[in-house]
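The opening position of the sequence shown corresponds to residue 3 in this note's numbering, with each subsequent residue numbered one higher. Each residue gets a CB set at the ideal place from its N, CA and C atoms; glycine is no exception.
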Amino acid sequence: MTYKAGIVKAITDLKDRTGSSSIAIKKYMQISLPSSKKWMDPTFLTALKSMTAAGDLIQVKSSYKLSPVYKKKAADALKPKKPKKKVAPKKKTAPKKKTATKKKTAPKKKSATKKTAPKKKLTSKKK
3 MTYKAGIVKA ITDLKDRTGS SSIAIKKYMQ ISLPSSKKWM DPTFLTALKS
53 MTAAGDLIQV KSSYKLSPVY KKKAADALKP KKPKKKVAPK KKTAPKKKTA
103 TKKKTAPKKK SATKKTAPKK KLTSKKK
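This is the structure:
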């Protein structure tokens, strides 16, 4: 566990309304530190300062609280991400071709056809 993760865990577990002091955070982390690792005080202090400068922690007098921005980031990271459904692009439906229905033609009655005289072609006069 990194010092930054340990600081965040300590502040959330201590649940002080006004924030947790650096001494309280340090004691909490030393208790939860595995015996194989050695406590590095300068690393702890630089982690506190860098987190405060980054905006992850808010320093109130000599206490530290998690910033609302950091809480939001942590909450978003914990939420299970829903896989986005791949929306298939809607295919443009071609306008449906109307099938030409064959019109039933009524049988033509044979009627007496009148013969008309052939029409004469009109020719334009040249001037």
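Could you spell out the range, first to last residue, of the alpha helix (DSSP H) harbouring residue i?
i	result
LEU50	43-56
SER24	24-34
LYS6	5-16
Measure how close the beta-carbons of residue i and residue j come, nearest whole angstrom, since I'm counting them as under 8 Å.
i	j	result
SER23	ILE13	That pair is no contact at about 10 Å.
Apart from the five residues just before and just after residue i, which ones in its own chain have a Cβ nearer than 6 Å to its Cβ?
i	result
GLY1	This structure cannot settle anything about residue 1, because the visible part of the chain is limited to 3 through 129.
SER64	SER23
LYS59	Inspection of the sequence shows that residue 59 is occupied by Leu rather than by Lys. Excluding residues within five positions, the ones whose Cβ falls inside 6 Å are MET53, TYR66.
Please go through the same chain and pick out, in chain order, the residues whose beta-carbon is closer than 7 Å to the beta-carbon of residue i, but skip the five residues on each side of it.
i	result
LYS6	ALA49, MET53
Beta carbon of residue i, beta carbon of residue j: below 8 Å?
i	j	result
TYR66	ILE27	yes
VAL10	LEU47	no
VAL71	THR20	no
Which residues mark the beginning and the end of the beta strand (DSSP E) in which residue i is found?
i	result
LYS121	No beta strand (DSSP E) holds LYS121; DSSP gives it neither H nor E.
LYS67	65-68
I'd like the list of long-range same chain contacts for residue i, defined as Cβ closer than 8 Å, with 5 residues on each side in sequence excluded.
i	result
ASP15	TYR30
For the ligand SAM, any of its heavy atoms closer than 7 Å to the Cβ of residue i?
i	result
ILE25	The model depicted lacks the ligand SAM and carries no ligand whatsoever.
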